[in-house]
Amino acid sequence: YFNILLQPMSQQEGTDKENWLPTRQYRGKVQYNDPNEVYAMLPSDLALIRDQKTRPIVEYYADNQPAFFRDFAAAYGKLLALGTGQDLEKTPPPPPPGSGARISFLTR
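Start counting at 1 in the sequence shown, then tack on 87, and there's your number in our numbering.
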């Protein structure tokens with residue numbers, strides 16, 4: 088998902104322009120397709136790469152699939168544990184981008 092989200096970027100040197108093309112199916116809401124019309128994304132998906140706070144996280148998970156699986160499993164485990172009476176700590180905030188710290192929002 089994260090690799091696909093970053094994939095249709097301009098290949099021109101020195102640019103980071105996204106090439107997701109807006110489309111509207113029937114009378115529905117706008118969605119975005121890659122230039123080859125293989126993938127579709129919602130505005131909420133593209134918000135992840137447009138926001139300066141979330142873009143580094145997308146790039147991190149695009150480059151580190153094991154970290155995504157680890158963090159997803161931990162988060163999903165917390166969701167499953169809701170309402171079971173287990174004492175779960177609140178999720179700490181992420182480290183600032185560029186700090187060199189390991190990105191993991193889902194530690195106990």
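Built from N, CA and C at the ideal position, the CB exists for glycine as well.
As the structure is a computational prediction, the values presented were derived from the model and not from experiment.
| Query | Result |
| --- | --- |
| Where do the ends of the alpha helix (DSSP H) carrying V145 lie? | R142 to D150 |
| Span of the alpha helix (DSSP H) holding P130? | P130 to R137 |
| Which two residues bound the contiguous alpha helix (DSSP H) that contains L108? | Where L108 is concerned, there is no enclosing alpha helix (DSSP H), although the beta strand (DSSP E) it sits in stretches over L108 to R111. |
| Using the rule of at least 16 other Cβ atoms within 10 Å of the residue's Cβ for burial, across every protein chain shown, is D158 buried or exposed? | buried |
| What's the C-alpha gap between T194 and Y113? | Reliability fails at T194, whose pLDDT of 49 lies under 50, so the model's placement of it is uncertain and the value that follows must be treated cautiously. Looking at the two C-alpha atoms, the distance is approximately 43 Å. |
| Here's the rule: buried if 16 or more other CB atoms are within 10 angstroms of the residue's CB, otherwise exposed. What is L92? | buried |
| Using the C-alpha atoms, what's the distance from D121 back to K165? | 34 Å |
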